[in-house]
Amino acid sequence: MKKYDPSRRKFIQTSIATSTLCFVPTIALAQTQKATTYQPQYFNSDEWAFINAITDQLIPADELGGGALEAGVPEFIDRQMLSEFGKGELFYMHPPYHIDALPTLGYQEQYAPNELYRHAIAQIDAYIIEKHQQPFHALSDDLKIEMMHAMENGKIPLKGISSSTTFFNLLWKNTQEGFLSDPKYGGNKNMIGWKLVGFPGARADFMDFVDKPGAVYPYGPVDIAGKRG
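Basically the numbering used here = 1-based index in the sequence shown + 341.
And the structure:
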């Protein structure tokens, strides 16, 4: 059985709950099969194996429902790598780069996000292979968690990137986005993330509940395309 820290899933719930306290659906989360048909458009096979393995650890499936793989988070991240975001078209990408700059000054890496993923994954896997004789995706769950802590704490040296912390934080942010975004972007399949946090989605209005403060909202979510969860 996969070993994981349940606080990771609890974080997904509590990080959004403050804005959705009145919308807790009573329907149960449906278990879904892990997506296997999507073919990555940006990531190569080694990168794809890494992304699947690490997002599965970040948001694992459990008794509450599906995790990152069931929600299609790897597909979301892959699709984002070919978007304006992934290509760095939303950022000022010219030097000088100030890696110690305040977050309010924006993106400060020399690589666009998709290239940062590519360089970071290659170097991290090379580091792990040297240390454990196999890439990240082939490690035991305990070793994966150990290596993830090393990434998060900047303990894996990366050339051309400010730190492994930078990569880990970007990956974690994109994982959350893939789990909670509208399904049209490739993630949150079957609205798994929305059901977990009690988000009603893109319903037209809530006029029948405006005079019922604190009442449990009884209906499942609706996505932008109008599909009901």
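For glycine and all other residues, C-beta sits at the position ideal for the given N, C-alpha and C.
- The three-state secondary structure of Asp441, taken from DSSP, is coil.
- In the DSSP assignment, Arg569 is bridged to Val563.
- Approximately 5 Å separates the beta-carbon atoms of Leu410 and Asp397; this is inside 8 Å, confirming the contact.
- The shortest CA-to-CA distance from Tyr458 to any of Phe508, Tyr379, Lys536 is the one to Phe508.
- Pairwise C-beta distances place the segment 472–480 out of contact with the segment 412–428, as fewer than three of them are shorter than 8 Å.
- Glu450 places its beta carbon 8 Å or farther from that of Ile395.
- In summary, Ile462 is buried, with 16 or more beta-carbon neighbours lying within 10 Å of its beta-carbon over all protein chains present.
- Minimum Cα-Cα distance from Leu480 among the listed residues Asn494, Ala390, Ile533, His439 corresponds to Ala390.
- Runs of alpha helix (DSSP H) with 4 or more residues, each lying fully within the segment 482–512, are found at 482–493, listed in chain order.
- Boundaries of the alpha helix (DSSP H) harbouring Val414: 414–422, taken from the DSSP string.
- Note that the C-beta distance between Met422 and Ile465 is not below 8 Å.
- Membership of Ser386 in the alpha helix (DSSP H) is indicated by the continuous run 386–399.
- For the options Pro454, Asn529, His435, the alpha carbon positioned closest to that of Asn510 is the one of Pro454.
- Rounded to whole angstroms, the separation of the alpha carbons of Thr506 and Leu443 is 15 Å.
- With contacts defined as CB atoms closer than 8 Å, Ile533 and Gly447 fail to qualify as a contacting pair.
- For Glu471, the uninterrupted alpha helix (DSSP H) segment begins and ends at 454–473.
- Sixteen is the threshold: since fewer than 16 other Cβ atoms of the shown chains lie within 10 Å of the Cβ of Ser386, the residue is exposed.
- Ranked by Cα distance from Lys428, the first of Asp549, Tyr383, Leu499, Asp483 is Tyr383.
- For Val538, the uninterrupted alpha helix (DSSP H) run begins and ends at 533–538, by DSSP.
- Straight-line spacing of the CA atoms in Leu399 and Ala412 works out to 13 Å.
- Annotation: Gly495 to Val557 spans about 43 Å, alpha carbon to alpha carbon.
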